[in-house]
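Worksheet: one structure, shown below.
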Amino acid sequence: MAKVRNPEVTQKRLLDALQRLVDGQPERLTSKYKVNVKSVQEEAGLSLGAAYRYPDVMDAIEAAKLEQSKRSGNLRKRNVNSELDRLRKEKAKEVTLKEKYRTELTEANSRLDQLYAEQTMQLMAMFNLLDIKDKSKLLQKSSSNVVRIK
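Quick note: the sequence shown uses my numbering, first residue 70, plus one each step.
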């Protein structure tokens with residue numbers, strides 16, 4: 070028994086399959102799919118190459134493909150924009166942290182300088198309290214470490 074081919078029925082099956090794919094409710098395809106000739110033919114349950122005999126079906130598939138690519142392009146743009154906004158916020162946060170740390174470093178360095186000056190003043194005060202004999206002994210001890218350069 071030979072199959073009876075009816076072009077109108079085949080064309081209708083292809084267009085119905087395309088509409089199901091566009092609506093996101095396929096009957097035969099289960100994995101992630103793109104709208105293209107092969108997926109429409111598989112959804113319609115037809116052999117590969119069946120859609121190429123119908124130019125208006127091919128035009129409809131191309132239009133649906135173009136629409137799907139525009140939608141995914143908009144999603145990509147939104148994703149890129151949100152990623153860009155996130156990176157800008159992160160950079161601004163890092164800049165404020167850098168300024169904060171720079172300020173803290175400046176304050177710590179000034180405090181260190183102040184402590185060094187206080188320590189030097191205390192050493193000089195203790196040195197001034199010594200007798201002349203003790204000062205001369207201390208200076209002679211420290212001068213023995215000095216090496217002459219010729």
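Beta carbons are placed, not taken as given, at the ideal position from N, Cα and C, and that holds for glycine.
Handout entry: N- and C-terminal bounds of the alpha helix (DSSP H) containing A98
Key = What sits at residue 98 in the sequence shown is Leu, not Ala. For L98, no alpha helix (DSSP H) segment is defined, and its DSSP state is neither H nor E.
Handout entry: DSSP three-state assignment for I218, whether helix, strand or coil
Key = Residue state, collapsed to three classes: coil.
Problem - E176 to E168 span [Cα, whole Å] - result: CA-CA distance, E176 to E168, rounds to 12 angstroms.
Problem - Continuous alpha helix (DSSP H) stretch holding S108: start and end - result: Looking at the DSSP string, the run of the alpha helix (DSSP H) that includes S108 is 106–113.
Practice task
Spell out a yes or no on whether the segment 104–113 and the segment 84–91 are touching, meaning 3 or more CB-CB pairs, one atom from each, closer than 8 angstroms.
Solution key: By the criterion of at least three beta-carbon pairs nearer than 8 angstroms, the segment 104–113 is in contact with the segment 84–91.
Exercise for the section: Give me the Cα-Cα distance between A129 and N150, rounded to the nearest whole angstrom. Expected result: Straight-line Cα distance between these residues: approximately 31 angstroms.
Problem - Collapsed DSSP secondary structure at K158 in the structure displayed - result: Three-state DSSP puts K158 in a helix.
Exercise for the section: List the endpoints of the continuous alpha helix (DSSP H) containing Q94. Expected result: It is not in any alpha helix (DSSP H) - Q94 carries neither H nor E in the DSSP assignment.
Exercise for the section: Rounded to whole angstroms, what's the CA-CA distance from D125 to L83? Just pull it up for me. Expected result: Their backbone Cα atoms lie some 11 angstroms apart in a straight line.
Practice task
Give the C-beta separation of A119 and A86 to the nearest angstrom, bearing in mind that I take them to be a contact with Cβ-Cβ under 8 angstroms.
Solution key: Wrong, their Cβ atoms sit about 11 angstroms apart, outside the cutoff.
Practice task
My understanding is that N105 touches K134, with C-beta atoms under 8 angstroms, so please give their C-beta distance in whole angstroms.
Solution key: About 6 angstroms separates the CB atoms of N105 and K134; that is less than 8 angstroms, so the two are in contact.
Practice task
Tell me, to the nearest whole angstrom, how far the beta carbon of Q137 is from that of K101; I am working on the premise that it is less than 8 angstroms.
Solution key: That pair is no contact at about 12 angstroms.
Practice task
Assign N75 to one of three DSSP states: helix, strand, or coil.
Solution key: The DSSP-derived three-state label of N75 is coil.
Exercise for the section: Could you tell me the distance, in whole angstroms, from the CA atom of N75 to the CA atom of R97? Expected result: Straight-line spacing of the CA atoms in N75 and R97 works out to 22 angstroms.
Handout entry: CA-to-CA distance, T189 to F196, given in whole angstroms
Key = Each residue's alpha carbon lies about 10 angstroms from the other.
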